[in-house]
Amino acid sequence: MSDRKWIKKVADKIKEKELIVAKRNKGKIPYTTLDGQFDDKSVDDINWWTNGFWGGMMWQLYKGTKEDLFLEIAKDNEEQLDKVLMEAKGLDHDNGFKWLPTSVANYKVTGDKASRNRALLAANNLAGRYNLAGGFIRAWNDNGDSNNIGWAIIDCMMNLPLLYWATEETKDPRFKQIAISHANTVIKNFIREDGSSKHIVEFDPNTGAYIKSYGGQGYAEGSSWTRGQSWALYGFVLTYLHTKDETYLEVAKKVAKYFIANIPESGLIPVDFRQPDDCQLEDSTASAIAACGLIEISKILNDKGDDVYMDAALTLLKALSEKRCNWDMDTDHIVEKCTEAFYRGKHEIAIIYGDYYFIEAIWKLTAEELFIW
Ligand code: GLY
267 MSDRKWIKKV ADKIKEKELI VAKRNKGKIP YTTLDGQFDD KSVDDINWWT NGFWGGMMWQ
327 LYKGTKEDLF LEIAKDNEEQ LDKVLMEAKG LDHDNGFKWL PTSVANYKVT GDKASRNRAL
387 LAANNLAGRY NLAGGFIRAW NDNGDSNNIG WAIIDCMMNL PLLYWATEET KDPRFKQIAI
447 SHANTVIKNF IREDGSSKHI VEFDPNTGAY IKSYGGQGYA EGSSWTRGQS WALYGFVLTY
507 LHTKDETYLE VAKKVAKYFI ANIPESGLIP VDFRQPDDCQ LEDSTASAIA ACGLIEISKI
567 LNDKGDDVYM DAALTLLKAL SEKRCNWDMD TDHIVEKCTE AFYRGKHEIA IIYGDYYFIE
627 AIWKLTAEEL FIW
């Protein structure tokens, strides 16, 4: 795919639109849109797992434009999350998703000591979820009947960079040791022979023994939830970047090859690669997240010729930008047709991390990214 002029055009359109969208939504922490207008999770659920992505978007936009408006909103999002640190209800395995795009981003750019402290508190809490017998980080909090104490989910691969950051920052290896142990457990228990990944695995929390897997947000047990595939893909690339251990790069490539082999002709990604043929449901977030991971693999391999990883990333991003992006200035979101879950969740809506990862992927290509993971 030699013509890359469209990438700069898309980046310019993002900047033009987001200046207006950010100004209109100052003070909010958006998750999705209703009639094209952002909702506000700071009002109805400050603990929600996606509440760091708006701040992350603002940091990426600040990096790409140097507009103070983005900086101001990024800091506001981070400060609002202090309620989560105090309530402790929203502290869980998603601490990485909340404090990497906010506090770690802030600390990387400004050196703010309060941001460093927030991120270290979140990292310590994440490390505290580690189950020594099973070598995994526990996923969700108590759901009422305590039957999920031994659950781990593939999404958590994306939270590990908070632990890598904590070790890099404090020189204390324990955080990284926990992250590596979790990644090794995932290789052994989640990644299938064909390169696909399970979503949820249940272990005995006392002995650490494998019990069973669940289909989770995908179509069924044994299926291939696409956002889970993209969390695995990008997550293992990130573990490689922080450890430089080729084992993790090989896993990332295996998952990437599976993902690439399943990209439909349209370049648009279904909710599950094994959903029934007559089901047309899509999830654009899987596409944007996978594109980020594929670009990173390409950069690591520094391929000069037949770069299947970059080609696939460009296919995904071009399809999104041509068919799934809303450039209307009165509409708050950009990326459309994002899906929460195959069953218990909304289908084909706008979701904030669809916009976040789309921007991050485009910024990787225009060399404007603030690397936050
Ligand atoms: N981490 C939750 C999700 O991907 O929906």
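267 is the number of the first residue of the sequence shown in my numbering; add one for each residue after it.
Backbone N, C-alpha and C define an ideal beta-carbon position, used for all residues, glycine too.
Bear in mind the structure is a predicted one, so any value in this text is a computation, not a measurement.
Excluding its 5 nearest sequence neighbours in each direction, Gly-482 has C-beta neighbours in its own chain below 6 angstroms: His-465 and Ile-466, listed in chain order. Relative to the ligand GLY, Arg-590 has its C-beta separated by 7 angstroms or more from all heavy atoms. The beta carbon of Ser-447 sits closer than 7 angstroms to those of Gly-401, all from its chain and outside the five residues before and after it, given in chain order. Contact between Ala-449 and Leu-429 is ruled out by a C-beta separation of about 10 angstroms, above the 8 angstroms threshold. Lys-355 and Asn-313 do touch by the CB rule: their CB atoms are close to 5 angstroms apart, below 8 angstroms. Here DSSP, grouped into helix, strand and coil, assigns Phe-456 to coil. For Ala-552, the enclosing alpha helix (DSSP H) stretches over residues 550 to 567. For Gln-483, the Cβ falls inside the 7 angstroms cut-off from some heavy atom of the ligand GLY. Rounded to the nearest whole angstrom, the C-alpha separation of Ala-399 and Ser-587 is 45 angstroms. Comparing alpha-carbon positions, the option among Phe-336, Val-276 and Asp-470 lying closest to Trp-417 turns out to be Asp-470. Closest in C-alpha terms to Tyr-524, from the list Glu-548, Ser-490, Thr-513 and Gly-501, comes Ser-490. DSSP places Lys-478 within a strand segment (E or B) once states are collapsed to three. Taking 8 angstroms as the cut-off, the beta carbon of Lys-374 is found no closer than this to the beta carbon of Gly-318. In the structure shown, Val-375 adopts helical secondary structure according to DSSP, grouped into three states. The count of Cβ pairs closer than 8 angstroms, one atom from the region 332 to 339 and one from the region 609 to 626, stays below three, leaving the stretches out of contact. One thing to note: Leu-351 has its Cβ no nearer than 8 angstroms to the Cβ of Thr-368. Per DSSP, the beta bridge partners of Ile-419 are Ile-466. Thr-492 sits away from Phe-456, with the two beta carbons spaced by 8 angstroms or more. In this structure, DSSP gives Trp-431 a helical state, which the three-state scheme calls helix. Rounded to the nearest angstrom, the gap between the Cα atoms of Arg-404 and Thr-597 is 38 angstroms. The bridge partners DSSP lists for Asp-360 come to none.
DSSP lists Leu-300 as the beta-bridge partner residues of Gln-303. Relative to the non-hydrogen atoms of the ligand GLY, the Cβ of Glu-606 comes within a distance shorter than 7 angstroms of at least one. Judged by their CB atoms, Ile-561 and Lys-630 are nearer to each other than the 8 angstroms cut-off. A direct Cα-Cα distance of roughly 17 angstroms separates Asp-278 from Ala-585.
For Ala-557 against Leu-515, the beta-carbon gap comes to about 18 angstroms, at or over 8 angstroms, which does not count as contact.
Across the structure, Ile-286 and Ala-371 are spaced so that their CA atoms are roughly 23 angstroms apart. In this structure, the ligand GLY has no non-hydrogen atom nearer than 7 angstroms to the beta-carbon of Asp-549. Per DSSP, the unbroken alpha helix (DSSP H) holding Gln-326 starts and ends at 319 to 331. Taking the CA atoms as reference points, Val-309 sits about 14 angstroms from Trp-315. Contact between Trp-320 and Ala-385 fails: their C-beta atoms lie close to 17 angstroms from each other, not under 8 angstroms.
Non-local beta-carbon contacts of Glu-635 in its own chain, meaning distances under 8 angstroms to residues more than five positions away in sequence, involve Gln-326, Lys-329, Glu-626 and Trp-629 in chain order.
Per DSSP, the continuous alpha helix (DSSP H) segment holding His-508 begins and ends at 492 to 509.
DSSP places Trp-406 outside any alpha helix (DSSP H), giving it a letter other than H or E.
The nearest non-hydrogen atom of the ligand GLY is 7 angstroms or more from the C-beta of Trp-629.
Within the same chain, Ala-557, Leu-560 and Ile-561 come within 6 angstroms of Ala-579 by CB-CB distance, once the 5 residues on both sides are set aside.
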